[in-house]
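Under our numbering, residue 405 is the last one in the sequence shown; the count climbs by one each step, no gaps.
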Amino acid sequence: MLADMERITADLGAQHGELRAVLENLAAEQWDTPSLCEGWSVADVVLHLAQSDEIALGSARGTIAIAAPSAGWDMEAMYTGQATVDEIAAEAVKKQRGATPTELLARWSRAADGLVSTLALTDAKRLLPWVVGELPARTLATTRLAECWIHTGDIAHGVGATQEFSDRLWHVARLAWRTIPYAFERAGQVLGGPVAVTLDTPDGDVWEFTDGEAVTTLTGDVMTFCQVAARRIPGHTSGLHASGPDADAVLDLVRTFA
Numbered sequence: 148m149l150a151d152m153e154r155i156t157a158d159l160g161a162q163h164g165e166l167r168a169v170l171e172n173l174a175a176e177q178w179d180t181p182s183l184c185e186g187w188s189v190a191d192v193v194l195h196l197a198q199s200d201e202i203a204l205g206s207a208r209g210t211i212a213i214a215a216p217s218a219g220w221d222m223e224a225m226y227t228g229q230a231t232v233d234e235i236a237a238e239a240v241k242k243q244r245g246a247t248p249t250e251l252l253a254r255w256s257r258a259a260d261g262l263v264s265t266l267a268l269t270d271a272k273r274l275l276p277w278v279v280g281e282l283p284a285r286t287l288a289t290t291r292l293a294e295c296w297i298h299t300g301d302i303a304h305g306v307g308a309t310q311e312f313s314d315r316l317w318h319v320a321r322l323a324w325r326t327i328p329y330a331f332e333r334a335g336q337v338l339g340g341p342v343a344v345t346l347d348t349p350d351g352d353v354w355e356f357t358d359g360e361a362v363t364t365l366t367g368d369v370m371t372f373c374q375v376a377a378r379r380i381p382g383h384t385s386g387l388h389a390s391g392p393d394a395d396a397v398l399d400l401v402r403t404f405a
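Okay, here's the thing in structure tokens:
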């Protein structure tokens, strides 16, 4: 099953490369610029990515119990319901602020590069511990790609750069589609049946995600869909079109993360 990891780990590495190219061209003062991630500067976003990639690397290596507290994360509080994932992530960033841009870039790069090389040698179906329970290694790699893509956009927006389309978004879009049942369950709602998602790419291709006779359908632009799933723009004003019994709820709830 290692062959199944080749594409996703290659694309994860490429997404890291896109972000690294943005960061390496920033002046020191730009790291203090507010990002699109509310309340966080560019430096804060990079710190968060470093922390979460360190935890993911610990998961893949079997050392998450050491990696999580080292990265400032209180996993016990999360698992026992004392705090949400977002609250714990925010507190971890607050705890570990203060590094220079050079130090932050080096820290994140070590974690990101280690994660790619380790996951590339991990069986795709091997279950790894994560913030929502255990995930197959391939799914963990996909969630890390999605988060890096989201935060690359947050940083690009903050510094006035443009985030271009890439085929790597196929992973993000598919993750968002596959996560729809989880999103409904998390919100305490009942999904009425299968959802089909059909997305247009800037290259003129059409990506279709469906696993049965859909009762709800969603169509639109792939970049827009992924931004809605990233909770960066609201679904109902995004230009996406949904129809069927769960149309409104899908636009409200679709997401790529816990």
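Don't be surprised by glycine CBs; every beta carbon is placed ideally from N, CA and C.
task = Could you tell me which uninterrupted beta strand (DSSP E) segments, each at least 3 residues in length, are contained entirely in the stretch 236–317, listed from first to last along the chain?
result = 274–277 and 280–283
inquiry  = Measuring only the C-alpha atoms, how far is glutamate 171 from histidine 383?
reply    = In the sequence shown, counting from the first residue as 1, residue 171 sits at position 24. In the sequence shown, counting from the first residue as 1, residue 383 sits at position 236. Rounded to the nearest angstrom, the gap between the Cα atoms of glutamate 171 and histidine 383 is 36 Å.
query = Helix, strand or coil: how does DSSP classify phenylalanine 356 here?
reply = Residue mapping note: residue 356 aligns to position 209 of the sequence shown, counting from 1. Correct three-state label for phenylalanine 356: strand.
query = How close, in whole Å, do the beta carbons of alanine 389 and threonine 363 come, if the pair is a contact with beta carbons under 8 Å?
reply = Residue mapping note: residue 389 aligns to position 242 of the sequence shown, counting from 1. Residue mapping note: residue 363 aligns to position 216 of the sequence shown, counting from 1. The pair is a contact, with the Cβ atoms about 7 Å apart (cut-off 8 Å).
task = Report the rounded CA-to-CA distance for valine 232 versus leucine 398, giving the unit in angstroms.
result = The residue labelled residue 232 in the question sits at position 85 within the sequence shown. The residue labelled residue 398 in the question sits at position 251 within the sequence shown. Distance between the alpha carbons of valine 232 and leucine 398: 22 Å.
query = So glycine 367 is in the beta strand (DSSP E); what residue range does that whole segment cover?
reply = The residue given as residue 367 occupies position 220 in the sequence shown. 363–368 is the extent of the beta strand (DSSP E) around glycine 367.
request  = Alpha carbon to alpha carbon, how far is alanine 308 from glutamate 281? Give it in angstroms, no decimals.
outcome  = Within the sequence shown, numbered from 1, the residue matching residue 281 stands at position 134. Within the sequence shown, numbered from 1, the residue matching residue 308 stands at position 161. Their backbone Cα atoms lie some 36 Å apart in a straight line.
request  = For the stretch 269–279 and the stretch 245–260, state whether three or more C-beta atom pairs, one from each stretch, are separated by less than 8 Å.
outcome  = Taking a contact to require three or more Cβ pairs closer than 8 Å, the stretch 269–279 and the stretch 245–260 do not qualify as touching.
ask   = Hey, is the stretch 288–299 in contact with the stretch 154–174, meaning 3+ C-beta pairs nearer than 8 Å?
value = yes
query = Smallest Cα separation from glutamate 165: which of Trp324, Gly300, Gln229 and Ala237?
reply = Residue numbering aside, residue 165 sits at position 18 when the sequence shown is read from its first letter. Put simply, of Trp324, Gly300, Gln229 and Ala237 the residue whose alpha carbon is nearest the alpha carbon of glutamate 165 is Gly300.
ask   = First and last residue of the beta strand (DSSP E) that includes histidine 388?
value = Stepping through the sequence shown from its first residue, residue 388 is reached at position 241. Counting along the chain, the beta strand (DSSP E) containing histidine 388 begins and ends at 388–390.
C-beta atoms of valine 240 and aspartate 191 nearer than 8 Å = On the sequence shown, residue 240 is found 93 positions in, with the first residue counted as 1. On the sequence shown, residue 191 is found 44 positions in, with the first residue counted as 1. Their beta carbons are under 8 Å apart, which means valine 240 touches aspartate 191 by this criterion.
task = Mind checking which residues open and close the alpha helix (DSSP H) that includes threonine 156?
result = For the purposes of this step, residue 156 is taken as residue 9 along the sequence shown, with counting starting at 1. Where threonine 156 is concerned, the enclosing alpha helix (DSSP H) stretches over 153–171.
request  = Please look up how many angstroms separate the CB atoms of alanine 376 and arginine 402, rounded, as I've assumed it's under 8 Å.
outcome  = Along the sequence shown, one-based indexing puts residue 376 at 229. Along the sequence shown, one-based indexing puts residue 402 at 255. Going by Cβ atoms, the distance from alanine 376 to arginine 402 rounds to 6 Å, so yes, they are a contact pair.
inquiry  = Can you tell me where the alpha helix (DSSP H) holding valine 189 begins and where it ends?
reply    = Here the question's residue 189 lines up with position 42 in the sequence shown. Unbroken alpha helix (DSSP H) run through valine 189: 189–208.
query = Skipping 5 residues on each side, what residues in its chain have a beta carbon closer than 7 Å to that of tryptophan 354?
reply = Against the sequence shown, residue 354 aligns to sequence position 207. The answer, listed in chain order, is Trp317, Ala320, Leu346, Thr348 and Val369.
key: Backbone CA spacing between alanine 174 and histidine 304 [nearest angstrom]   = Taking the sequence shown and counting its residues from 1, the one referred to as residue 174 is at position 27. Taking the sequence shown and counting its residues from 1, the one referred to as residue 304 is at position 157. Linking alanine 174 to histidine 304 through their CA atoms gives a straight-line distance of about 15 Å.
query = Would you say alanine 271 and aspartate 358 are within 8 Å of each other, going by their C-beta atoms?
reply = Taking the first residue of the sequence shown as position 1, residue 271 is located at position 124. Taking the first residue of the sequence shown as position 1, residue 358 is located at position 211. No, Cβ-Cβ distance for alanine 271 and aspartate 358 is not below 8 Å.
ask   = What three-state label does DSSP hand alanine 343 in the structure shown?
value = Within the sequence shown, numbered from 1, the residue matching residue 343 stands at position 196. DSSP, reduced to helix, strand and coil, places alanine 343 within a strand of the structure shown.
inquiry  = For a quick check, are the C-beta atoms of leucine 338 and leucine 365 less than 8 Å apart?
reply    = In the sequence shown, residue 338 corresponds to position 191, counting from 1. In the sequence shown, residue 365 corresponds to position 218, counting from 1. No, the pair does not count as a contact, with Cβ atoms beyond the cut-off.
task = Can you tell me which of Leu322, Cys373 and Ala334 puts its alpha carbon nearest to the alpha carbon of glutamate 311?
result = For the purposes of this step, residue 311 is taken as residue 164 along the sequence shown, with counting starting at 1. Nearest C-alpha to glutamate 311: Cys373.
ask   = Quick one: what's proline 216 bridged to in DSSP?
value = Indexing the sequence shown from 1 puts residue 216 at position 69. DSSP lists no partner for proline 216.
ask   = Leaving out the 5 sequence neighbours to the left and right, which residues in its chain are closer than 7 Å to alanine 203 when beta-carbon positions are compared?
value = Position 56 of the sequence shown, counted from the first residue, corresponds to residue 203. The answer, listed in chain order, is Leu262, Leu287 and Arg291.
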